[in-house]
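**Student:**
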Amino acid sequence: MSDENNNISSDENAQIAQRRAKLAALRAQGNPFPNHFRRDSLAAGLHEKYGALDNAALEGESVRVKVAGRMMAKRVMGKASFAQIQDMSGRIQLFVQRDAVSAECYEEGFKKWDIGDILGAEGTLFKTKTGELSVRVDGIGLLTKSLRPLPEKFHGLVDQEIRYRQRYLDLIMNEDTRKVFELRTRIINFMRSFLAEHNFLEVETPMMHVIPGGATARPFKTHHNALGMDMFLRIAPELYLKRLVVGGFERVFEINRSFRNEGLSTRHNPEFTMLEFYQAYADYNDLMDLTEVMLRKLMHDVLGTMSIACQGHQFDFSKPFARRTVQDAILHFNPHLRDADLESLAAARMAAAALHIPLKDSYGLGKVQLEIFEKTVEQHLQNPTFITAFPTEVSPLARCNTADPFVTDRFELFVGGREIANGFSELNDAEDQAERFRRQAKEKDAGDDEAMHYDADYIRALEYGMPPTAGEGIGIDRLVMLLTDSASIRDVLLFPHMRPET
RNA sequence: GGGCCGUUAGCUCAGCCGGUAGAGCAGCAGACUUUUAAUCUGUUGGUCGUGCGUUCGAUCCGCACACGGCCCA
4 MSDENNNISS DENAQIAQRR AKLAALRAQG NPFPNHFRRD SLAAGLHEKY
54 GALDNAALEG ESVRVKVAGR MMAKRVMGKA SFAQIQDMSG RIQLFVQRDA
104 VSAECYEEGF KKWDIGDILG AEGTLFKTKT GELSVRVDGI GLLTKSLRPL
154 PEKFHGLVDQ EIRYRQRYLD LIMNEDTRKV FELRTRIINF MRSFLAEHNF
204 LEVETPMMHV IPGGATARPF KTHHNALGMD MFLRIAPELY LKRLVVGGFE
254 RVFEINRSFR NEGLSTRHNP EFTMLEFYQA YADYNDLMDL TEVMLRKLMH
304 DVLGTMSIAC QGHQFDFSKP FARRTVQDAI LHFNPHLRDA DLESLAAARM
354 AAAALHIPLK DSYGLGKVQL EIFEKTVEQH LQNPTFITAF PTEVSPLARC
404 NTADPFVTDR FELFVGGREI ANGFSELNDA EDQAERFRRQ AKEKDAGDDE
454 AMHYDADYIR ALEYGMPPTA GEGIGIDRLV MLLTDSASIR DVLLFPHMRP
504 ET
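Sequential numbering of the first sequence, starting at 4, is according to the working numbering.
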């Protein structure tokens with residue numbers, strides 16, 4: 004180990020120096036980072052089990068406990084002190100008396116320890132005269148010396164930047180933050196077990212792709228040294244999951260990261276978590292039904308409510324989700340438009356121009372319709388709503404509708420004006436898929452760097468035959484934002500992407 | 001990418017018309033054996049985000065940059 008002078012950070016201050024001096028004194032007496040203490044209780048468990056008893060009953064049972072955690076409060080009153088330690092479950096108060104732990108331990112140990120230090124303590128449970136369940140400590144030790152002072156006890160840590168950059172500190176200080184991430188995990192666990200119960204097989208597919216596919220997005224590029232080749236971080240797992248359906252895994256899902264090389268915003272992080280699942284012998288209507296059942300059960304089981312408040316709006320999951328097509332939705336929210344305005348490219352372009360929606364010359368009717376939809380409809384889709392029949396032009400992996408091949412058998416689910424899920428009956432016609440890849444490749448050659456590559460192996464897989472299948476992707480981060488009332492994706496990512504500190 | 005706002009002690013925040021900075025908490029020293037934002041007495045702590053400019057003089061005014069927040073594309 005380096006000595007004290009070699010290893011100091013640039014933001015040292017007097018308080019840290021004082022703690023380093025205390026640590027140096029501890030080192031002189033022995034190992035200041037012992038790892039022998041074993042607790043037998045967590046704070047929340049004690050409150051749950053003994054919180055209802057009065058002091059007479061508690062003292063009568065003389066319950067011995069060993070607890071450990073970070074000291075978050077310390078109130079010294081001469082020869083007795085109160086402290087609060089925080090563990091993974093919550094907080095418990097310690098009552099530390101000099102005569103119960105020895106004068107040596109009290110004066111030279113406890114009184115010199117700092118808020119933020121990690122302690123182990125044992126003793127018996129009792130209730131103070133104000134009724135707080137506490138441990139009457141008869142043995143206590145320092146388990147880890149903390150060198151940095153914690154934020155102020157009352158206001159806590161408020162600075163957004165520090166909360167994101169030093170999430171560990173945010174988690175120490177803010178119970179709300181801990182709750183968000185615990186809920187995130189419960190949401191993901193729910194979906195995992197829901198799908199497993201419905202006979203879906205969880206799989207892991209490559210995150211490093213030679214041909215990035217499954218979405219229209221710019222990829223991150225990396226390089227494989229031994230193979231001497233560029234590779235891409237995946238923008239979606241879709242094409243690999245469908246290869247597995249070809250292979251006979253007729254229900255598969257994956258929950259993991261994808262990467263898109265785009266800007267950062269309150270809704271975009273370069274790496275984000277998607278759930279994708281695929282079900283053979285099902286179509287997009289089956290998946291809408293499944294999604295509705297899954298989200299309702301998620302609300303019920305995990306949140307315990309069918310109505311959620313997010314950013315000042317209330318969303319109701321108790322009623323059947325509305326379902327309407329892209330065209331119907333456009334007409335509904337633009338009463339001045341009529342069917343004819345969406346039926347030819349020229350008319351749709353005029354309608355878009357009247358709405359001040361910028362278009363590129365390359366856009367066909369489908370893309371123009373989608374632009375109008377995004378600019379005039381999405382924001383109004385507050386309660387859960389499935390939008391169906393997206394134009395084929397903007398759905399290169401989806402199966403065309405049999406009656407109207409201009410659109411695909413595809414849906415997106417919107418809540419609070421935001422897309423939560425995207426699913427469709429899969430295109431399993433290898434020749435049609437090859438033709439769509441060729442069109443995408445042409446657009447890529449023409450300069451659209453978000454257009455898809457031609458994936459010959461994927462076509463080969465389809466040529467063996469993929470059963471009729473429907474697939475869906477759910478943006479986990481955005482779903483968690485919705486369910487935790489979070490304004491920014493950074494609030495639901497433990498370590499959101501940040502520019503380097505200066 | 002554009003607009004607006006922010007950056008002052010470890011943390012949360014003040015700081016008037018430009019005259020080298022304050023509070024609370026935390027820390028340090030002391031008192032205190034049922035406190036809980038403990039209390040009481042005393043006290044340390046600052047390259048005011050970075051750089052340039054204007055000025056006799058800049059935390060304050062101007063410009064640029066960095067990071068963050070909000071809104072827009």
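Where is the CB? At the ideal position from N, CA and C, for every residue including glycine.
1) Tell me the residue span of the alpha helix (DSSP H) that contains Val-104.
2) Whose C-beta lies closer than 7 Å to the C-beta of Glu-381 among residues of the same chain, with five residues either side of it excluded?
3) To the nearest angstrom, how far is the alpha carbon of Phe-36 from that of Ile-258?
4) So Gly-216 and Tyr-461 are supposed to be a Cβ contact under 8 Å. How far apart are they, rounded?
5) Would you kindly check if the distance between the Cβ of Met-277 and the Cβ of Ile-477 is under 8 Å?
6) Can you tell which of Asn-177, Arg-263, Thr-147, Thr-472 has the C-alpha that lies nearest to the C-alpha of His-158?
7) Quick one: grab the DSSP three-state call for Lys-363.
8) Helix, strand or coil for Asn-272? Go by DSSP, reduced to three states.
9) Considering only their Cβ atoms, is the gap separating Gly-93 from Ala-46 smaller than 8 Å?
10) Would you decide whether Phe-440 is buried or exposed? Buried here means 16 or more other CB atoms lie within 10 Å of its CB.
11) Taking the C-alpha atoms as reference points, what is the distance between Ala-59 and Lys-130?
12) I'd like the span of the alpha helix (DSSP H) that includes His-335, first residue to last.
13) For the alpha helix (DSSP H) containing His-50, list its first residue and its last residue.
14) For Ser-12, I'd like the list of residues in its chain whose CB is within less than 7 Å of its CB, leaving aside the five on either flank, ordered along the chain.
15) Return the first residue and the last residue of the alpha helix (DSSP H) that Thr-180 is part of.
16) In the DSSP assignment, find the unbroken alpha helix (DSSP H) run with Ala-424 in it and report its ends.
17) Within a Cβ cutoff of 7 Å, which residues of the same chain sit near Leu-247, ignoring the five residues on either side of it in sequence?
18) Roughly how many angstroms separate the alpha carbons of Asp-412 and Thr-388, rounded to a whole number?
19) Cα separation between Asp-364 and Asn-192?
20) Measure how close the beta-carbons of Ser-491 and Thr-269 come, nearest whole angstrom, since I'm counting them as under 8 Å.
21) Determine the closest residue to Gln-317 out of Gly-367, Thr-487, His-201, Pro-154, with distance taken between C-alpha atoms.
22) Helix, strand or coil for Thr-127 per DSSP?
23) Using the three-state DSSP reduction, which class does Asn-8 fall into: helix, strand or coil?
24) Sort out for me which residues DSSP pairs Asp-458 with in a bridge.
25) Out of curiosity, what's the CA-to-CA distance linking Ala-229 and His-212?
26) Determine the extent of the beta strand (DSSP E) in which Val-68 is found, giving its start and end residues.
27) With three or more beta-carbon pairs closer than 8 Å as the criterion, would you say the segment 420-438 touches the segment 393-405?
28) Between the segment 65-76 and the segment 120-134, are three or more C-beta pairs nearer than 8 Å?
29) Would you mind stating whether Lys-148 and Asp-120 have Cβ atoms separated by less than 8 Å?
30) Report all residues from its chain with a CB closer than 7 Å to the CB of Arg-352; omit the five preceding and five following residues, and keep chain order.
31) Report the three-state DSSP secondary structure of Arg-41 (helix, strand or coil).
32) Specify the secondary structure class of Val-161 as computed by DSSP and reduced to three states.
33) Using C-beta distances below 6 Å, list every residue in its chain close to Ala-86, excluding the 5 sequence neighbours before and after it, in chain order.
34) By a C-beta neighbour count over all protein chains shown, 10 Å radius and 16 as the cutoff for buried, is Gly-474 buried or exposed?
35) Using only the alpha-carbon positions, how far apart do Gln-100 and Met-91 sit?
36) For the pair the segment 25-41 and the segment 134-149, tell me if three or more CB-CB distances fall below 8 Å.
**Tutor:** Taking the coordinates as given:
1) For Val-104, the enclosing alpha helix (DSSP H) begins and ends at 101-104.
2) Counting only residues of its own chain and dropping the five nearest sequence neighbours on each side, Glu-381 has a CB closer than 7 Å to the CB of Phe-417, Gly-420.
3) Between Phe-36 and Ile-258, the C-alpha separation is close to 38 Å.
4) Taking C-beta atoms under 8 Å as the contact rule, Gly-216 and Tyr-461 qualify, at a distance of about 7 Å.
5) In this structure, Met-277 lies closer than 8 Å to Ile-477 by Cβ.
6) Minimum Cα distance to His-158 is reached at Asn-177.
7) For Lys-363, the three-state secondary structure derived from DSSP is coil.
8) Coil.
9) It is a contact, given that the beta carbons lie within the stated cut-off.
10) When all chains shown are included, Phe-440 counts as buried.
11) About 9 Å.
12) Note, His-335: alpha helix (DSSP H), 329-336.
13) Residues 46-53.
14) In this prediction, Ser-12 scores a pLDDT of 47, lower than 50, which makes its location untrustworthy; the coordinate-derived value is nonetheless stated afterwards. If we look at Ser-12 and ignore the five residues flanking it on each side, it has no Cβ neighbours.
15) Annotation: the continuous alpha helix (DSSP H) that includes Thr-180 extends over 178-200.
16) No alpha helix (DSSP H) contains Ala-424, which is instead part of the beta strand (DSSP E) from 421-428.
17) Once the five neighbours on either side are set aside, the close Cβ partners of Leu-247 are Val-206, Val-255.
18) Looking at the two C-alpha atoms, the distance is approximately 16 Å.
19) One C-alpha to the other measures close to 45 Å.
20) The Cβ separation is near 4 Å, so the contact holds.
21) Checking every option, the nearest Cα to that of Gln-317 belongs to Thr-487.
22) It is a strand residue.
23) Its pLDDT being 34, under 50, Asn-8 is placed unreliably in this model, and the coordinates cannot settle the point.
24) Paired residues: none, contrary to the question.
25) Their Cα atoms are separated by approximately 16 Å.
26) From DSSP, the beta strand (DSSP E) with Val-68 extends over 67-80.
27) Contact holds: three or more Cβ-Cβ distances are below 8 Å.
28) Yes, the segment 65-76 is in contact with the segment 120-134.
29) With respect to the 8 Å criterion, Lys-148 and Asp-120 are classified as neighbours on the basis of their beta carbons.
30) Answer for Arg-352: Leu-362, Val-371, listed in chain order.
31) Residue state for Arg-41 is assigned as coil, using DSSP reduced to three classes.
32) Reduced to three states, the DSSP call for Val-161 is coil.
33) Excluding the 5 residues flanking it on each side, Ala-86 has same chain C-beta neighbours closer than 6 Å at Met-74, Lys-77, Leu-97, in chain order.
34) Counting of Cβ neighbours within 10 angstroms places Gly-474 among the buried residues, the total reaching 16 or more.
35) In this structure, the CA atom of Gln-100 is about 26 Å from the CA atom of Met-91.
36) Contact holds: three or more Cβ-Cβ distances are below 8 Å.
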